[in-house]
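Going from the sequence shown to the numbering used here is simple: count from 1 and add 39.
So the structure is just underneath, and the comments pick up after that.
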Amino acid sequence: MDAQDPIVSKGLKRMFEVNNLHAGWGKTVVVQGVSVSARAGECLSVIGRNGVGKTTLFEAIMGRATTHAGSVLLDGRDLTNVDTYHKARAGLGYVPQNREVFKSLTVLEHLEIGRRTGPWDAASVFETFPGLAARKRSLGAVLSGGEQQMLSIARALVGNPRVLLLDEPTEGLSPLIVESLVVSIREILRRGTAVLLVEQNLEVAIALADTCVAIDRGQVVYSGTAEDLKMRRSEVEALVGVALH
40 MDAQDPIVSK GLKRMFEVNN LHAGWGKTVV VQGVSVSARA GECLSVIGRN
90 GVGKTTLFEA IMGRATTHAG SVLLDGRDLT NVDTYHKARA GLGYVPQNRE
140 VFKSLTVLEH LEIGRRTGPW DAASVFETFP GLAARKRSLG AVLSGGEQQM
190 LSIARALVGN PRVLLLDEPT EGLSPLIVES LVVSIREILR RGTAVLLVEQ
240 NLEVAIALAD TCVAIDRGQV VYSGTAEDLK MRRSEVEALV GVALH
């Protein structure tokens, strides 16, 4: 590969690791002994029924929930008890389920406040999310649900994360927007960013994933490749309570 090529191939080293994490809200433990990992350019899909701890896992990784035990490592650096803004600076990007778009800021202003040095900037995210380019001067309040989701991801990307956590990115979106979003996430992966994906749409979760884990009652009850998951269809359907099509 040419040294100037911006596309980064997947590395062999697990650059992001969550080890034996126990976490929750205050004294209440929701996540119990979860371990997951991802390499550069790899997608890990986290699946499971509603209320089993998937979002809590992401909130704990980002320091927005209480961690009781375990570790979060990025390139060998322990980020477990680091403040959320330091985790962002270290290379963790987070797109929460509720998107958290600022209604009074334009698309460009969202991208300006989140910008950090690196290959992702306003121009590159507009290439990845072309629908946002035409709306760059629009306020967050007037964007559609799909546009807000794209903006939330774009805002995280201009922080140039090594790992991007996406919590239910397709929730409430039309099939056409979902299809467009899947294409954009594949481009993010192609550029070398690892993606951790919580997704109720199993077709999307499997289509994007290199590996999948299923969580039930705060614990990992299944772990394997996307191909393995397809082969164990009935077992996975029982675990997550949703039929695969």
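Just so you know, even glycine gets a beta-carbon here, dropped at the ideal spot from N, CA and C.
- Cβ-Cβ distances below 6 Å link Ala108 to His61 in the same chain, with the five nearest sequence neighbours on each side left out; the list follows chain order.
- Counting only the Cα atoms, Leu268 lies some 35 Å from Tyr124.
- Among the bridge pairs identified by DSSP, Trp64 is matched with Thr67.
- Using a 10 angstroms sphere on the CB of Ser273, the tally of other CB atoms stays under 16, which defines it as exposed.
- Contact between Arg78 and Arg53 holds, since their C-beta atoms are separated by about 6 Å, short of 8 Å.
- Judged by DSSP secondary structure, Gln258 falls within the beta strand (DSSP E) whose first and last residues are 258-264.
- In this chain, the beta strand (DSSP E) harbouring Ala233 covers 233-237.
- For the set Glu266, Tyr261, Val275, Glu238, the Cα lying nearest the Cα of Ser84 is the one of Glu238.
- Looking at the backbone, the Cα of Gly257 and that of Trp64 are separated by about 13 Å.
- Exclusion of the five residues before and after Ile245 leaves Ser84, Cys251, Ala265, Leu268, Lys269, Leu283 as the residues of its chain whose Cβ lies within less than 8 Å of its Cβ.
- In the structure shown, Gly280 falls within a coil segment according to DSSP collapsed to helix, strand and coil.
- DSSP places Leu247 inside the alpha helix (DSSP H), whose first and last residues are 241-247.
- When only Cα atoms are considered, Glu81 and Ile224 end up about 11 Å apart.
- DSSP places Ala173 in the coil class of the three-state scheme, outside both helix and strand.
- In this structure, DSSP gives Ala195 a helical state, which the three-state scheme calls helix.
- By DSSP's assignment, Ile254 forms a beta bridge with Val259.
- A check of alpha carbon separations from Leu131 across Asp122, Glu139, Leu241 identifies Asp122 as the nearest.
- If you look at Ser143, you'll find it isn't in any beta strand (DSSP E); DSSP assigns it neither H nor E.
- Two segments are said to touch when three or more pairs of C-beta atoms, one from each, lie closer than 8 Å; by this definition the stretch 184-204 touches the stretch 142-150.
- The beta-carbon distance between Val221 and Leu247, rounded to whole angstroms, is 7 Å. This is short enough to meet the 8 Å contact definition.
- Your pair Phe55 and Ala253 does not check out as a contact, with CB atoms roughly 19 Å apart and the cut at 8 Å.
- The alpha-carbon separation between Gln71 and Val243 amounts to approximately 26 Å.
- Annotation: Asn137 to Met101 spans about 15 Å, alpha carbon to alpha carbon.
- Straight-line spacing of the CA atoms in Leu228 and Thr67 works out to 35 Å.
- For the options Ala180, Asn199, Ala129, Ser219, the alpha carbon positioned closest to that of Pro169 is the one of Ser219.
- As the crow flies, the alpha-carbon of Gly184 is around 9 Å from that of Glu210.
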